[in-house]
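First to last, the sequence lines map onto chains Z and P.
For the first sequence, the positions run 1 to 305 when my numbering is used.
For the second sequence, the positions run 1001 to 1503 when my numbering is used.
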Amino acid sequence: MERYKIVQLEKENKFYPQRLKILKTPPKLYVIGDYKVLNNDSIAIIGSRNSSEYGRNMAKKFSKELTQKGLVIVSGLAVGIDTIAHYSCIENGGKTIAVLGSGFNNIYPEENIELYNLILETGGAVVSEYNPDEEVKKSNFPTRNRIVSGLALGTLVIEAGYRSGTSITANRTIEQGKPVFCIPNSIGNKNSYGTINLVLKGGNLVKNSENILVKLPKLTNIVIPSTPKKGNIKTQIELQQIVRQLNNAEQIKIVTCIYNHKEIDVNYISKICEISIKNVNSELMNLEIQGIVIQKSGNKFMINT
Amino acid sequence: MLAKVKSIALQGLEGFLIDVEADISSGIPSLEIVGLPDISIREAKERVKSAIKNSGYEFLSRKIIINLAPASLRKEGSSFDLAIATSILVAQEIIKKVDIQNTVFLGEISLNGDIHPIHGALPMCIEAIKKGIKNIILPYQNAEEAGIVKGICIIPVKNLKEVIKYLNNELDIPNYQSNTRRKANNINDLDFAEVKGQENIKRALEIAASGGHNCLLIGTPGSGKTMMAKRLPTILPDLSFEESLQITKIHSIAGKLEKDPLITKRPFRSPHHTVTPKSLVGGGKTPRPGEISLSHYGVLFLDELPEFNKSALEVLRGPLEDRKITISRVNASLTYPCEFMLIASMNPCPCGYYGSDKNCRCSPEMIRRYINKLSGPLLDRIDIQVHVSSVDYSKICNYEKAETSCQIKKRVNIARDMQRYRYKLDGILSNSELTPKLIEKYCVLDAQCQKIMENAFKRLGLSVRAYSRILKVARTISDLDNSNNIKQNHLLEAIQYRSLDKK
């Protein structure tokens, strides 16, 4: 933590985020990391802490696509959707901004300290309006939401329950005269209560990142994502690269099979490759240790990306 | 007039010879039973009185005292009725001559003189033989059960009149010869061939059966967890006669014996998740065996493990390690054996569909809380944890005939033999019982394997407690492979069976 200095930005400071100036408060902003990022084109991705699998998948997808378009992702470092949005941005070489509801010496939730450090390491920034020793207070979180929406050009709501913090942020966005984007979900779902209401209030229903980009003002200050360490879109060439690392025929068969099916159950691997289940099990573990495949929940395996 | 006959009392699995003494003296007519009897024995005086009268004999109007010796031992149950009645009849000299040293009387009497069956006839017989008894007179419904053991003359009786006539040599009751000779009961209605697909679970259960490992199946509703667990006993090795006897004894005490006199199939017990700690481990004023003892040498299946009461699960920790349970209650402190295999099943999350094709509605927090219901020490005792995948309906029909239980059992038997041979000096039977010291001796990893282990721990974030579990399972896998050493592929496969330990 000592590696990064806490910078105080007063409203008069030329680096104070332009978009925040229209708000009355805060008069002073504490920033760790690269404060110049605050003025880049950015979008907020927010959502429920009690997210569903669908929500998490969508957060991952949209965060990735928007990062690739050069947007900085702003979120609140909370568990659930926020975490996914931050991680997905970083994984795709982008920069991300986290807005805290507490001081820098009291990161909340604690399990996201790892993510906090990662944000700083990858050139992102962490912002708080509270002085570093401010304790974690429940009442501070809704207020910080106006900064989340304030920093961004618009807000993408993944999932929001009834009376959620997410809805507060979205309402701030509308008040600030910025576009709100919502992704569809079924009416009965408790996590879609907020998003549907937002659409009724004039939010934009979106199905892909293009829908979002057309509604945003012209991007002038984008961040070009660095090439991530590992590629995301596996091509045939990459399969061959993986296969080259392998040294026995059974492993090659298994990897090819997993590659072709994207995500496949261990029993089907055994059946399709015609390899006994005990050998499939031990070879899969071998591949997993080497970091070539990963086990998803259940018995499903996929290529590690 | 004083008379003395013998009976047997059970304390757990141990039997004690009881002298039933009757003394008839002049005085105010009464019948008194002394010697720490429980209520059911005290009530015997009414039954005995009526039974003697209704069998056509006179019940003397004298002061009668019955003593159950040794008087310091608490006795319970209705099995003393026959001995009490006989002692009175001997004292009254209605029965002329009894070979008291060598005869044991067991049975409950009804008012009309009929003799009713009792609990625990088999263990009583076994104990009688141990004490050098030659004859045993018992209810004819219990004859088949008692007939399993040899070396004792079994005289089955239907009513009190028969007993009197037999003892007076007026009636000849042939020594009961069991005609159901013991035959290995290999006919199972269940078979692994009926399970379509799920090869990885079958493999995991084969390993579990070979090494006696406890096993946890994690899967979505309807994926076949229960179906497969029920078939596990069909691939466990056949019971030896001594094992069968031991199981039958426990079931006899619990009064759970059914038609078959001798249990030749491994028991499969699956208590409901509302089970209390006491019914799980055993209890009662005089402790009776609980589910874990009833599944001795068999399988204890706990379906929906996280739904079980936490206190019920935690009581399993001791018995899983010690393989026996000592229960102390008011009347006695008893030890029952409980060498069972624990098979448990659970859903991956509260809604049940995490990781399947259906959408899971649970938040990560809910899933974490659900899995945290199982304590670390309990999971620590479960060697194998595997995920069960849900099967597509369309695929069910396409599977060719799978391996039968018989075929799997053959491999299991070979692996068990290897273990028995290897551990003959160490006093254990299977890999699951390996102690840390023995693991060091028998589960040696070569340099390459150690490298794999190191990488696996780094890569998968395995917990430390997984280490010895993996070694034990790897040992079993190499036994199944007929190999003396743990090879790389054995170790790798063993690591695969630690789903819950992965980050």
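Where is the CB? At the ideal position from N, CA and C, for every residue including glycine.
Here the structure is a predicted model, which means the values were calculated and not measured.
Other residues of its chain near residue i: CB distance less than 7 Å, five sequence neighbours each side excluded
i                       : result
residue 300 of chain Z  : 263, 264 and 265
residue 1221 of chain P : 1347 and 1352
residue 1060 of chain P : 1024 and 1092
residue 23 of chain Z   : 146 and 150
residue 1201 of chain P : 1217, 1228, 1386 and 1388
Range covered by the beta strand (DSSP E) that runs through residue i
i                       : result
residue 1157 of chain P : 1153-1157
residue 301 of chain Z  : 300-303
residue 42 of chain Z   : 42-46
residue 1408 of chain P : Note, residue 1408 of chain P: premise wrong, no beta strand (DSSP E); alpha helix (DSSP H) at 1405-1422.
residue 1242 of chain P : Taken as a continuous stretch (DSSP letters only), residue 1242 of chain P belongs to no beta strand (DSSP E), being part of the alpha helix (DSSP H) at 1241-1253.
residue 1135 of chain P : 1135-1139
residue 1387 of chain P : 1384-1388
residue 1022 of chain P : 1014-1025
residue 29 of chain Z   : 28-33
Boundaries of the alpha helix (DSSP H) in which residue i is found, first to last residue
i                       : result
residue 1229 of chain P : 1225-1230
residue 148 of chain Z  : 140-151
residue 91 of chain Z   : 81-91
residue 212 of chain Z  : 209-215
residue 1034 of chain P : First-last for residue 1034 of chain P: 1030-1034, but that is the beta strand (DSSP E), not the alpha helix (DSSP H).
residue 1441 of chain P : 1436-1442
residue 193 of chain Z  : 193-200
residue 1125 of chain P : 1121-1130
DSSP-derived helix/strand/coil call for residue i
i                       : result
residue 1453 of chain P : helix
residue 1195 of chain P : coil
residue 1001 of chain P : coil
residue 1067 of chain P : strand
residue 182 of chain Z  : strand
residue 1102 of chain P : helix
residue 13 of chain Z   : coil
residue 1080 of chain P : coil
residue 1448 of chain P : helix
residue 1295 of chain P : coil
residue 1281 of chain P : helix
residue 1504 of chain P : For chain P, the structure presents residues 1001 to 1503; residue 1504 of chain P sits outside this window and is missing.
residue 1335 of chain P : strand
residue 136 of chain Z  : coil
residue 293 of chain Z  : strand
residue 1322 of chain P : helix
residue 127 of chain Z  : strand
residue 1047 of chain P : helix
Residue i, buried or exposed, once every other Cβ within 10 Å from all chains shown has been counted against 16
i                       : result
residue 1447 of chain P : exposed
residue 91 of chain Z   : buried
residue 130 of chain Z  : buried
residue 1485 of chain P : exposed
residue 100 of chain Z  : buried
residue 1473 of chain P : buried
residue 1321 of chain P : exposed
residue 1420 of chain P : exposed
residue 1272 of chain P : exposed
residue 222 of chain Z  : exposed
residue 1469 of chain P : buried
Cut-off 8 Å between Cβ atoms - residues of its own chain near residue i, not counting five sequence neighbours on either side
i                       : result
residue 215 of chain Z  : 154, 179, 181 and 204
residue 79 of chain Z   : 49, 109, 111 and 112
residue 233 of chain Z  : Confidence at residue 233 of chain Z is low in this model, with a pLDDT of 40, below 50, so the placement of that residue is unreliable and no value is reported for it.
residue 1332 of chain P : 1011, 1012, 1074, 1286 and 1287
residue 51 of chain Z   : 59, 80, 81, 84, 158, 159 and 191
Contacting residues, own chain, Cβ-Cβ under 6 Å from residue i (five flanking each side not counted)
i                       : result
residue 1141 of chain P : 1117
residue 1163 of chain P : 1157
residue 1210 of chain P : 1412, 1415, 1476 and 1480
residue 1299 of chain P : 1232, 1233, 1268, 1341 and 1343
residue 1166 of chain P : 1173
residue 1248 of chain P : 1122, 1262 and 1263
residue 1055 of chain P : 1113, 1160 and 1161
Is there contact here, the segment 133-152 of chain Z with the segment 168-184 of chain Z, by at least three beta-carbon pairs under 8 Å?
yes
Could you check whether the segment 1453-1471 of chain P touches the segment 1402-1413 of chain P, counting it as contact only if at least three pairs of C-beta atoms, one from each stretch, sit closer than 8 Å?
no
Pairs of beta-carbons, one from the segment 1063-1082 of chain P and one from the segment 1042-1051 of chain P, closer than 8 Å: are there three or more?
yes
So does the segment 1282-1295 of chain P actually touch the segment 1322-1332 of chain P, counting three or more Cβ pairs closer than 8 Å?
yes
Could you say if the segment 1421-1440 of chain P and the segment 1489-1498 of chain P meet the contact criterion of at least three C-beta pairs nearer than 8 Å?
no
Does the structure place the segment 1238-1258 of chain P close enough to the segment 1202-1216 of chain P that three or more beta carbon pairs sit under 8 Å?
no
Touch check for the segment 1107-1124 of chain P and the segment 1141-1150 of chain P: three-plus C-beta pairs under 8 Å?
Using a C-beta cut-off of 8 Å, the segment 1107-1124 of chain P makes contact with the segment 1141-1150 of chain P, since at least three inter-stretch Cβ pairs fall below that distance.
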